[in-house]
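Now the structure itself:
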């Protein structure tokens, strides 16, 4: 984990005009050719009734340009310097007149700037700061409701990734309450979309707890025609409920919807592990795991490879998210080898070793620096799978036994053992790795079909 040091900007920009912002952006880079800003869609908003996007007319265009510039800069080379520059731009955005005061347009601009800032803090491992930025959005009572829902959703997502399920559940309850208090008309499409999103967050938490029965009331069938994180969670619900064809349709719909959002260029209302890139990566990974379960290994490899490419492009090759996707790929090859009675030991070993290098979970392995988010179940699965490979090699059995003991030590899932989890992946039982929260979703024993 590292922190970015940057100089403090003045509390007020000299001017909030487009020209002054352009001058500010130009002053931050010494490159001969400045990085171009992400263009805004020329067409009018298609319908923000899905609660996932913010119409560009509802925020200040100059602020949107600064936010896009900041995100692009941070991800140019994913270095301390590039993230520092991105955060510097966002801090400046929060000091200008375009994001100050109670005007709804200004509060929307401030809200999406804070969503972007929390995302960059999350990507560089500063979870406490990311949560602080998300929580400050609660105060923007004049902002579009979707901005606040996105902040609450991301906050719950972070707590799930941190393994603090009770806090995530409390946040999800708050999210539903916030939306219901804003209800004005039963026929309001925006309200319908946001209440579906808020309830799906509660459903996702029930799936994390292993109860599909408890999740049923929170997933509406209309989500199969929806997009975004709510639809992705609904797809996982369908998959765990063994409705594979419908789950595949939902995953495919989520991917198309996410691609359309990127194409049209309106600000996506999501942050941290629930942002647009996380949504696409999660859908691809879920689709790949479904195809693996059904034995469609060519399709599975394609989807998981796309998920890996997206993870590396977004977060960098050494980011924990990449380790989660690599684990899914290794398990796909493991299941394929068992089913086809072929050997892919070298491929699996290479993938597992990469995961172990990324997901450092002990003081010895990480040279005294434990990560903020352990992702212990994923790390244990990778080590357990690697141990199996070592144990079939006579001259490496002792190494395998040592690694298996370590994997069992760091395994923290209370609903199943490590051996059961590995067995699930080669049996008819269903487990899903959700890369958004780096958790394994699997039904409790009393709910298994």
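In UniProt numbering, the protein residues as written are 1 to 449. In this text, a Cβ means the ideal position worked out from N, Cα and C, and glycines have one as well. Note that the structure is a prediction, hence the values are computed from the model and not measured.
As assigned by DSSP and simplified to three states, the class of residue 297
helix
Out of 121, 96, 133 and 235, which one is the CA nearest neighbour of residue 114?
133
Give the single residue among 380, 102 and 201 whose Cα lies nearest to the Cα of residue 173.
201
What do you get for residue 450, buried or exposed, if any count of 16 or more other CB atoms within 10 angstroms of its CB means buried?
Residue coverage of the chain in this structure runs from 1 to 449, which leaves residue 450 outside it and unanswerable.
Spell out the partners DSSP gives residue 437 in its beta bridges.
In the DSSP output, where bridge partners are listed per residue, residue 437 has none listed.
Collapsed DSSP secondary structure at residue 144 in the structure displayed
coil
Using DSSP with H/G/I as helix, E/B as strand and the rest coil, what is residue 432?
strand
Looking at residue 94 and residue 109, is the spacing between their C-beta atoms short of 7 Å?
no
Classification of residue 227 by the beta-carbon crowding that lies within 10 angstroms, buried from 16 upward
buried
Between 262, 442, 285 and 337, which has its C-alpha nearest residue 450's C-alpha?
The first residue shown for the chain is 1 and the last is 449, placing residue 450 beyond what the model contains.
What is the DSSP secondary structure of residue 126, counted as helix, strand or coil?
coil
What does a CB cutoff of less than 8 Å around residue 389 pick up in its chain, not counting 5 residues either side in sequence?
345, 348, 349, 352 and 400
In angstroms, rounded to a whole number, what distance separates the CA positions of residue 319 and residue 180?
37 Å
Three-way DSSP call (helix, strand, coil) for residue 53 in this model
strand
Please classify residue 60 as buried or exposed, where buried requires at least 16 other C-beta atoms within 10 Å of its C-beta.
buried
Measure the alpha-carbon distance for residue 443 versus residue 55 and round it to whole angstroms.
39 Å
Let me check one thing: in DSSP terms, what residues is residue 268 bridge-paired to?
53
Distance CB(residue 58)-CB(residue 144) smaller than 7 Å:
yes
Tell me which same chain residues have a C-beta within less than 8 Å of the C-beta of residue 214, skipping the five on either side of it?
206
With DSSP as the reference, label residue 401 as helix, strand or coil.
helix
Which word fits residue 432, buried or exposed, when buried means at least 16 other C-beta atoms lie within 10 angstroms of its C-beta?
buried
Skipping 5 residues on each side, what residues in its chain have a beta carbon closer than 7 Å to that of residue 299?
291
C-alpha gap between residue 405 and residue 67, whole angstroms:
46 Å
Return the residue from the list 316, 232, 111 and 127 that minimises the CA-CA distance to residue 163.
127
Per-residue burial, residue 62 [other beta carbons within 10 Å of its own, 16 or more giving buried]
buried
Taking its Cβ as the centre, do 16 or more other Cβ atoms sit within 10 Å of residue 80, making it buried, or is it exposed?
exposed
On the premise that residue 147 lies in contact with residue 101, defined as a C-beta separation below 8 Å, what is that separation, rounded to the nearest angstrom?
The Cβ separation is near 16 Å, so there is no contact.
Is residue 418 near residue 384, with beta carbons less than 7 Å apart?
yes
Can you tell me whether residue 275 is helix, strand or coil according to DSSP?
coil
Does the segment 227-246 come close enough to the segment 264-283 that 3 or more CB-CB pairs lie under 8 Å?
yes
Please work out which residues of its chain come closer than 6 Å, Cβ to Cβ, to residue 297, disregarding the five sequence neighbours upstream and downstream, and give them in chain order.
336
Taking DSSP as the reference, what is the three-state secondary structure of residue 211?
coil
Could you spell out the range, first to last residue, of the alpha helix (DSSP H) harbouring residue 61?
61-74
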